[in-house]
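Working notes, beginning with the structure itself.
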Amino acid sequence: MTTEEKQLVDAPDILFFCRECQKIVKEPKKIGSKYIYKCPVCSSENVAFGTRKSVCSYFHVKDKELEEIYGNV
-15 MTTEEKQLVD
-5 APDILFFCRE
5 CQKIVKEPKK
15 IGSKYIYKCP
25 VCSSENVAFG
35 TRKSVCSYFH
45 VKDKELEEIY
55 GNV
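If you read the sequence shown in our numbering, its first letter stands for residue -15, the second for the next number, and so on.
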């Protein structure tokens, strides 16, 4: 296992991405019983979620951005 693969093992499987802030959101607030989440930074309800691979590829998130948020992922 390379160091890159080892670092990404500790990252969460589901990521949340605020489309208004253009950032990964660590702990969004769930609204109601539906799959709607609120960004704690900008209070927008425009938060997308998905697997780490899908969010990173669709929103062009780099591994360095994940390291900034989650520490040494």
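Quick reminder that beta carbons are idealized off the backbone N, C-alpha and C, glycines included.
Inset, instruction - Keeping to the same chain, check which residues put their C-beta closer than 7 Å to that of Ile53; ignore five residues upstream and five downstream. - result: Here residue 53 refers to the residue found at position 69 of the sequence shown. If we look at Ile53 and ignore the five residues flanking it on each side, its Cβ neighbours are Ile8, Lys10.
Legend entry - Three-way DSSP call (helix, strand, coil) for Val25 in this model: Along the sequence shown, read from residue 1 onward, the residue named residue 25 stands at position 41. Coil.
Inset, instruction - Can you tell me which of Glu4, Ile15, Arg36, Gly34 puts its alpha carbon nearest to the alpha carbon of Val25? - result: To locate residue 25, count along the sequence shown from 1; it is residue 41. Closest option to Val25, Cα to Cα, is Glu4.
Legend entry - Where Cys5 falls: helix, strand or coil (DSSP): Residue numbering aside, residue 5 sits at position 21 when the sequence shown is read from its first letter. Coil.
Legend entry - DSSP bridge partner residues for Ile(-2) (one or two, in chain order): Working through the sequence shown from its first residue, we reach residue -2 at position 14. Beta-bridge pairing links Ile(-2) to Thr35.
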